[in-house]
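> Numbering (the working numbering), first residue to last: 701 to 1215.
In this text, a Cβ means the ideal position worked out from N, Cα and C, and glycines have one as well.
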Amino acid sequence: MENSFYKKLLTLFPALASGILIALAFPVAGLSVLAWVAFVPLLVSLWPKSPKEAFGSGFAFGVVYFFGTLYWIYHSMTYYGGVSFVASICLVLFLCSYLALFPAVFALLFARVCRGTKLPALFIAPVLWVTLEFARSYVLTGFPWSSIGYSQYRVLPLIQIADISGIYGVSFLVLAVNGALADLLLVRKRLSTMPLFPLSLTFVGIASLLLLIAATLGYGMFRLSEQRPGAPVTISVVQGNIEQDRKWEPAFQNEVVDIYEKLSRNALSARPALLVWPETAVPFYFGYDQRNSDRLMQFQKDTGSYLLFGSVLVKSRAKDRAELTNSVVMLDKEGKKSFSYDKIHLVPFGEYVPLRRVLFFVDKLVEGIGDYVPGRQYNRAETEFGSFGAVVCYEVIFPGLVRKFFTHGGDIIVTITNDAWFGRTAGPYQHFSMAVFRAIENRKPLVRAANTGISGFIDSNGRIRAATGLFTRQVLTENVITDSTRTFYTRYGDLFSYLCIIISIVMAIDIYSRR
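1. Sorted by chain position, which residues of the same chain lie with C-beta nearer than 7 Å to A754's C-beta, five sequence neighbours on each side aside?
2. Terminal residues of the continuous alpha helix (DSSP H) containing I824?
3. Indicate whether P727 and Q1130 have their beta-carbon atoms separated by less than 9 Å.
4. Just checking my contact of S1040 with S1027 at CB under 8 Å: how many whole Å lie between their CB atoms?
5. Run the CB neighbour count on T1025, radius 10 Å, all protein chains shown included, and call it buried at 16 or more, exposed below.
6. List the residues that DSSP assigns as beta-bridge partners of F1009.
7. Between S1038 and L975, which are expected to be in contact by the criterion C-beta below 8 Å, what is the C-beta distance as a whole number of angstroms?
8. According to DSSP, what are the bridge partners of S1040?
9. Select from V1175, K1144 and Y706 the residue whose C-alpha is nearest the C-alpha of G1161.
10. Using CA coordinates, which residue listed in Y1006, R1163 and R1124 is at the minimum distance from F1088?
11. Since S788 and Y774 should fall inside the 8 Å C-beta cutoff, what is the C-beta to C-beta distance between them, to a whole number of angstroms?
12. Give the DSSP-derived three-state secondary structure of N1161 in the structure shown.
13. So which of L724, S732, L721 and S757 has the shortest CA-CA distance to A715?
14. Count the other CB atoms, across all protein chains shown, that sit within 10 Å of the CB of F1122; report buried if there are 16 or more and exposed otherwise.
15. Evaluate contact between the region 1151-1159 and the region 816-829, counting only Cβ atoms and requiring at least three cross-stretch pairs below 8 Å.
16. Sort T1003, S993 and S1011 by Cα distance to P978 and report the nearest one.
17. Distance check for N878 and S851, CA to CA, integer angstroms please.
18. Hey, which unbroken runs of the alpha helix (DSSP H) at 4 residues or more fall wholly within the region 1063-1105?
19. Can you tell me the Cα-Cα spacing of A967 and A1081, whole angstroms?
20. Starting from R1148 and walking both ways along the beta strand (DSSP E), at which residues does that stretch end?
21. Looking at the secondary structure, which residues open and close the alpha helix (DSSP H) in which L974 lies?
22. So for V1023, helix, strand or coil by DSSP?
23. Is there contact between the region 923-930 and the region 953-968, where contact requires at least three CB pairs shorter than 8 Å?
24. What three-state label does DSSP hand I1202 in the structure shown?
25. Can you tell me the Cβ-Cβ gap for V938 and A1149, rounded? I've got them flagged as a contact below 8 Å.
26. Could you tell me which of F1106, R1103, I1112 and N992 sits nearest to F1085, measuring between CA atoms?
27. Ignoring anything shorter than 3 residues or poking outside the region 702-777, list the beta strand (DSSP E) runs there in chain order.
28. In the DSSP assignment, what residue or residues form a beta bridge with V1167?
29. Going by the beta-carbon positions, is the gap between A1216 and V874 smaller than 9 Å?
30. Scan the region 904-960 and note each continuous beta strand (DSSP E) run of 3 residues or more that stays entirely inside, going in chain order.
31. May I ask you to list the residues that DSSP assigns as paired with L1176?
32. Per DSSP, what are the beta-bridge partners of R1017 in this structure?
33. With C-beta atoms as the reference, is V1096 less than 9 Å away from R1138?
34. Excluding five sequence neighbours on each side, which residues of the same chain lie with their C-beta closer than 8 Å to the C-beta of V982?
35. Give me the DSSP bridge partner(s) of I1116.
36. For my contact list, I1211 and G816 are in at a C-beta cut-off of 8 Å; report their separation, rounded to the angstrom.
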């Protein structure tokens, strides 16, 4: 039995190695170059495997890949959800096992298509991967964290194509290069099993890929050299660094508001047009708690700026339960409420319990007096310096959601978040890196205010103009250049991904019809 275990482990070693390499490509390790070779061991090892074995290899790869990038979720559950360390690790592994089903299906299909057709792996791998990565963004409310393209967020010339293809175009390129390297290593095996295998097709594919990469880099350099349209507007983000476990204590309530007001006054010397506070920055229900709401509105009158902040709003209240929204509110220069947006994409088991009638025994990990309800409107704030959409926390990881704010115009993306839940783990760094792609996809400068960091400014080409550290109390002020561009991606969405889905379906039908 021991020999059988080691034999099984040896069989899975290439998949495990690939999982480790791709995890290291993401923040905080940030070895982005590894992404371009990480899949090669997995892809080559799939060649002789049966469908069951290929599925198992893909699953093992997926568990390592996702645990390596999502391990930090245990922190939220252990420190704020009251879940023991061992139980939280088990729950993270359960989530990773679910997510690993997508790479498992990828591996199964790749092995079948690669052995059943003469198509090169450099075409098969990226098409199948993008299809399943896109599916992961929507199935069961979706969880597109750790999409492969995010590993390249600092390689600006390469990722400018996101304004056409979205993040999935970058994932496609990374998988295509891995597939090309696998093609070179699999040539002899494919020739031995397919005597009429067209070797020239592999080299034509590699030449075409090199041209595609050159065109991508050329397009990227062109976009980076462009003078973006728009006008400068001074914006300040306020990072209060409020302890998560004290934030809602009544005795600490006034101190929280005092901290934000003091930091905001420090920012006023730069005469910002807009002050941005983080998600649920105010430790009371704005509009429901009249005393504290009046205090905030009076403070706003003295700033001469717009104030955007996160607040929990009470929509309705029953005897034993309130209906709440996680919202963004803006006060104008007169201290009056001029804009609000209710978070649309809520966090499962964090802000609501899905399938509550079935999972009646499960409570939320986040304490509160009621369930959050989702918003329904993609509102934009209108000001004299332009209009902007304001997304809350987790929403910024959904490219399809963010673009809906700008299909009919807009100048700036604002995102507010509270990453205190993640502690000093890789979570805040990964979350911040994903915002780079939302800026490029929609060609909008992005302003980010986070309770404990990372707050910062990203221009419409994805350059990080300024960023705070974690768990620091500070103010950042930047001259942001508005951008009214409506990109191909903003206008038409995920057409590139839909094309990959269609091709994947055709390949799968072809293979299984032959069988």
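A quick look at the data gives this:
1. L746, A807, L808 and A811
2. A821 to R836
3. yes
4. 6 Å
5. buried
6. V1029
7. Not confirmed; about 14 Å, so no contact.
8. V1029
9. Per the sequence shown, the amino acid found at residue 1161 is Asn instead of Gly. With distances taken between Cα atoms, N1161 lies closest to K1144.
10. Y1006
11. 4 Å
12. coil
13. S757
14. buried
15. no
16. S1011
17. 14 Å
18. 1099-1103
19. 22 Å
20. L1146 to A1150
21. Taken as a continuous stretch (DSSP letters only), L974 belongs to no alpha helix (DSSP H), being part of the beta strand (DSSP E) at L974 to V976.
22. The residue you asked about is not Val; residue 1023 is Glu in the sequence shown. In this structure, E1023 counts as strand in the three-state DSSP scheme.
23. no
24. helix
25. 7 Å
26. I1112
27. none
28. Checking the sequence, you will find Ala at residue 1167 rather than Val. Paired residue(s): G1156.
29. No information on residue 1216 is available, as it lies outside the stretch 701 to 1215 that the chain covers here.
30. 932-939
31. V937
32. A1022
33. yes
34. V956, V957, Y960, N992, L996, F1009, G1010 and S1011
35. V1092 and A1149
36. 5 Å
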